[in-house]
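Chemist:
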Amino acid sequence: MSEPELHLNDKISQGQRAATRDGFGRGLIEAAKINETVIAICADLTESLRLKDFEQNFPERFVRIGVSEQSLVAIGAGFALGGKVPFVASFAMFSPGRSWEQIRTNVCLNNTNVKIVGGHAGVSVGPDGATHQALEDIAITRCLPNLTVVVPCDAEQARKATLAAAEWPGPVYLRLSRQEEFNVTTEQTPFAIGRAQTFRTGNDVAIVACGPQVLESLRAAENLERAGISCQVINLHTIKPLDEEILLQAAKKCGALVTVEDHQVCGGLGSAVAELLAKHIPTPIEFIGAQDRFGQSGEVNELLKEYGLTSDHIENAVRRTLKRKTEKI
Amino acid sequence: MSQIHDDKVWELNLQAVKIREDVIKMLLAAGSGHPAGSLGMADVFTAMYFHILHHDPKRPDWEDRDRLLLSNGHICPVRYAAMAHVGYFPKEELLTLRKLGSRLQGHPERMCLPGLESTSGPLGAGLSQGAGLAFSARMDGKKWRTYVVTSDGEHGAGLHWEAVLFAGKYRLHNLTNIIDRNNIQIDGTTEEVMPLEPLKEKYEAFNWHVIDIDGNDIRQIIEAVNEAEVITEKPTCIIAHNTPGQGVSFMENDHLWHGRAPNKEEADQALAELEKIATRLKSDRS
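Right under this line is the structure:
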């Protein structure tokens, strides 16, 4: 799927800013209206996960569980065994962070239809600091058999991803962030789990990103265009199952990649892409993300800069990988 | 709820011996597994499958069945044996326990064998799943009940107590927790490793109704479950005090039999002892 059919916003960086968690809150209400088995369970973070409206709309389908992330998931598995489609919500640091074994045994191995919602992922949480900034959640979820891993790029896509997760026949991890950004996608933009999207076509380097880093990648690509470097930008909103076709085509066409994620470079989106390409089309890749270090307190923009997640950093990485490609030839 | 006649109790006692015999045979064939807990809980599983549960072995996915979850999955040999005896699958299959490709995995897996209700083994997670099931039944106005067998050792897990809090808060009266209280865990007695007493008072403080019983007495098991059914304001916890290794003298109350299978000689001795119990039961009857 590429640009023309995607109905993206004409101009990036305009309109109203929102976080993917906002889209989740809206999407879950829609999902609950469509499917009466959809319920929500939240571990003492109702406002942070944008579930207040859900609670008001469906009080009988909302369960407050307190600070207990392990039972959040295990009780969720029980609800699923009883025929419900539970969305179990906490911060990513606590679930899947603390609840990993329950996700593995009670959800994935047990094949219970639980939707794990991890909010406040990445350093973009901001001032709360390292304890609350999940930078490892993609790594620990994508290694689990029977788990689908989705990282929507903007609030509008998070809304659609929530609707899609509700109808997906099995466990899903939905990674959300607190960072407020402009919507790249519109109501008309299609979304399907497992089908990545080319948001911008290009020939020299492919930038593969997820979450709010997709917008930052588009900003970088726009700047690079002016410098005569043509970049394809792929929104890899589903880390698992991986859309192999779009990635192999991009590697073949561009011959060089940059991966961008608000996550450790170890085990995340970049690793998933590298595992695929190493097998089929070995390609120079530059990995943007946390370089084996924890987060820290700071304002969002300061942290994005500190951890190398701005368009400037992406542009530099594009130049580096381009150089490696040229030297290889 | 159902009253129980002496004849039925006698029948169930004999059935429990047969299940114990199969547990020994299964563990001998497997060469590994957990005999003490399996033997100790044979009476509870016999009472559940042969008298208490509303279920249909030929329709394990029957929507209105009662749900029985086993949280301490390592004692699954007794569950498998009870399920085979009541008709879920052929008894011959019991000897495939722990073998490559078997539906009888070393710890129970829901996706392998119909009727298991849940996958378990890592301790502490069963009561949570039971609480979720019971809550969903209540949301839907369903009458079926949820029973969870938990071990005393797994009360060391914080996760378990999260579920105790949760079920107490939401007054899940359709949930019954049957504690396999045999006082042993891998490293020794529970009171040495991590004391649980006073266990009854702990549950009461968490808003549970608690019944202490002899977990090797079929009549007491059935009467306690009947009592739980009529408690409508809170969940019930049945502390089933039982003898680990029950029925096999050299295994009884010895934590070293928690996770070691008998060899051929030991199995023969165990089966001979169990046969004596069966013979005695039959002669008592006549």
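Listed in order, the protein sequences are those of chains X and R.
To get our numbering, take the position in the first sequence, counting from 1, and add 1.
To get our numbering, take the position in the second sequence, counting from 1, and add 388.
Ideal Cβ placement from N, Cα and C applies to all residues, glycine included.
Identify whether Gln103 of chain X lies in helix, strand or coil by the three-state DSSP scheme.
Modeler: Helix, per DSSP.
Chemist: So does His133 of chain X have its beta carbon nearer than 7 Å to some heavy atom of the ligand PLP?
Modeler: Of ligands this structure carries none, so the ligand PLP is not represented either.
Chemist: Would a C-beta distance cut-off of 8 Å place Ala90 of chain X and Val68 of chain X closer than the cut-off?
Modeler: Cβ atoms of Ala90 of chain X and Val68 of chain X: not closer than 8 Å.
Chemist: Hey, would you say Gln180 of chain X sits closer than 8 Å to Gly296 of chain X, going by beta carbons?
Modeler: Contact: no.
Chemist: Using a cut-off of 7 Å between C-beta atoms, extract the partners of Glu102 of chain X located in chain R.
Modeler: Those within 7 Å of Glu102 of chain X in chain R are Pro510.
Chemist: Does Ile66 of chain X get closer than 8 Å to chain R when you measure Cβ to Cβ?
Modeler: Yes, its Cβ sits closer than 8 Å to a Cβ of chain R.
Chemist: Per the DSSP calculation, Ser91 of chain X is bridged to which residue(s)?
Modeler: DSSP output for Ser91 of chain X lists X:Gly119 as bridge partner(s).
Chemist: Am I right that Ala251 of chain X and Asn36 of chain X are in contact with their C-beta atoms under 8 Å? What's the rounded C-beta distance?
Modeler: About 35 Å separates the two Cβ atoms, so there is no contact after all.
Chemist: Per DSSP, which one or two residues make a beta bridge with Leu305 of chain X?
Modeler: Answer is none; Leu305 of chain X lacks a bridge partner.
Chemist: With a cut-off of 8 Å, does the C-beta of Gln71 of chain X fall near any C-beta of chain R?
Modeler: Chain R, which has a Cβ nearer than 8 Å to the Cβ of Gln71 of chain X, makes this yes.
Chemist: Does DSSP classify Gly475 of chain R as helix, strand or coil?
Modeler: Reduced to three states, the DSSP call for Gly475 of chain R is coil.
Chemist: Where DSSP assigns a beta bridge to Gly576 of chain R, which residues make up the other side?
Modeler: In DSSP, Gly576 of chain R forms a bridge with R:Gln573.
Chemist: Using the beta-carbon count (16 or more within 10 Å), is Cys625 of chain R buried or exposed?
Modeler: Per the 10 Å Cβ criterion, buried.
Chemist: Flag Lys280 of chain X as yes if its beta-carbon sits less than 8 Å from any beta-carbon of chain R, otherwise no.
Modeler: With 8 Å as the cut-off, Lys280 of chain X does not count as an interface residue toward chain R.
Chemist: With a threshold of 8 Å between beta-carbons, can Met499 of chain R be considered close to chain X, or not?
Modeler: For Met499 of chain R, the answer is yes, since a Cβ of chain X falls inside 8 Å of its Cβ.
Chemist: Would you mind sorting Glu70 of chain X into buried or exposed? The rule is 16 or more other CB atoms within 10 Å of its CB.
Modeler: Glu70 of chain X should be labelled buried.
Chemist: Give the straight-line distance between the Cα atoms of Glu663 of chain R and Asp454 of chain R, rounded to the nearest whole angstrom.
Modeler: Rounded to whole angstroms, Glu663 of chain R to Asp454 of chain R spans 32 Å at the Cα level.
Chemist: What beta strand (DSSP E) runs, 3 residues minimum, are completely inside the stretch 577-652 of chain R?
Modeler: With a minimum length of 3 residues, the continuous beta strand (DSSP E) runs that stay inside the stretch 577-652 of chain R are 597-602, 624-629.
Chemist: Rounded to a whole number of angstroms, what is the C-alpha to C-alpha distance between Phe38 of chain X and Ile66 of chain X?
Modeler: At residue 38 of chain X the sequence reads Thr, which differs from the Phe that was named. In a straight line, the C-alpha of Thr38 of chain X is about 19 Å away from that of Ile66 of chain X.
Chemist: Taking beta-carbon pairs under 8 Å, can you tell me which members of the stretch 102-133 of chain X lie near chain R?
Modeler: Flagged, chain order: Glu102, Gln103, Thr106, Asn107, Leu110, Asn111, Asn112.
Chemist: Under a CB-based cut-off of 8 Å, is Glu542 of chain R close to chain X?
Modeler: False, the Cβ-Cβ gap to chain X never drops below 8 Å.
Chemist: Quick check on DSSP: helix, strand or coil for Asp263 of chain X?
Modeler: Strand, per DSSP.
Chemist: Measure from the C-beta of Ala78 of chain X to each C-beta in chain R and report whether the shortest distance is under 8 Å.
Modeler: Cβ-Cβ to chain R under 8 Å: yes for Ala78 of chain X.
Chemist: Closer than 6 Å by C-beta to Arg325 of chain X: which residues in its own chain qualify, once you throw out the five before and the five after it? Chain order, please.
Modeler: Result list for Arg325 of chain X: Pro285, in chain order.
Chemist: Find out if the Cβ-Cβ distance for the pair Ile627 of chain R, Val581 of chain R is shorter than 8 Å.
Modeler: It is not a contact, given that the beta carbons lie outside the stated cut-off.
Chemist: Using the Cα positions of His121 of chain X and Leu177 of chain X, report the straight-line distance between them to the nearest angstrom.
Modeler: Taking the straight line from one Cα to the other gives about 6 Å.
Chemist: Quick one: which chain R residues come within Cβ less than 9 Å of Leu148 of chain X?
Modeler: Correct list: empty, because the minimum Cβ distance to chain R is about 14 Å.
Chemist: Grouping DSSP H, G and I as helix and E and B as strand, with all else coil, what is Ser459 of chain R?
Modeler: Looking at Ser459 of chain R - three-state DSSP - the assignment turns out to be coil, as it is neither helix nor strand.
Chemist: Which of the three DSSP states, helix, strand or coil, is assigned to Asn565 of chain R?
Modeler: DSSP places Asn565 of chain R in strand when its eight states are reduced to three.
Chemist: Using a Cβ cut-off of 7 Å, pull out every chain R residue sitting near Gly309 of chain X, in sequence order please.
Modeler: Within 7 Å Cβ-Cβ: nothing; Gly309 of chain X doesn't reach chain R, min ~37 Å.
Chemist: Spatial neighbours of Arg160 of chain X within its chain, please: C-beta separation below 6 Å, excluding the five flanking residues on both sides.
Modeler: Within the same chain, Arg160 of chain X has close Cβ partners Gly24, Arg27, Gly28.
Chemist: If contact means a Cβ-Cβ distance below 9 Å, which residues of the stretch 516-538 of chain R contact chain X?
Modeler: So the close ones are Ser516, Gln517, Gly518, Ala519, Gly520, Leu521, Ala522, Phe523, Ser524, Ala525, Met527, Asp528, Lys530, Thr534.
Chemist: Give a yes or no on whether the C-beta atoms belonging to Leu427 of chain R and Val618 of chain R are separated by under 8 Å.
Modeler: Result no, Cβ atoms of Leu427 of chain R and Val618 of chain R do not sit closer than 8 Å.
Chemist: Thr163 of chain X lies in the alpha helix (DSSP H); which residues open and close that run?
Modeler: 156-168 is the extent of the alpha helix (DSSP H) around Thr163 of chain X.
Chemist: Near Leu659 of chain R, what residues of its chain come up, given a Cβ to Cβ distance below 7 Å and the 5 sequence neighbours on each side ignored?
Modeler: Glu409, Ile412, listed in sequence order.
Chemist: Can you tell me whether Trp450 of chain R is buried or exposed, with buried defined as 16 or more other CB within 10 angstroms of its CB?
Modeler: With fewer than 16 Cβ atoms within 10 Å of its Cβ, Trp450 of chain R is classed as exposed.
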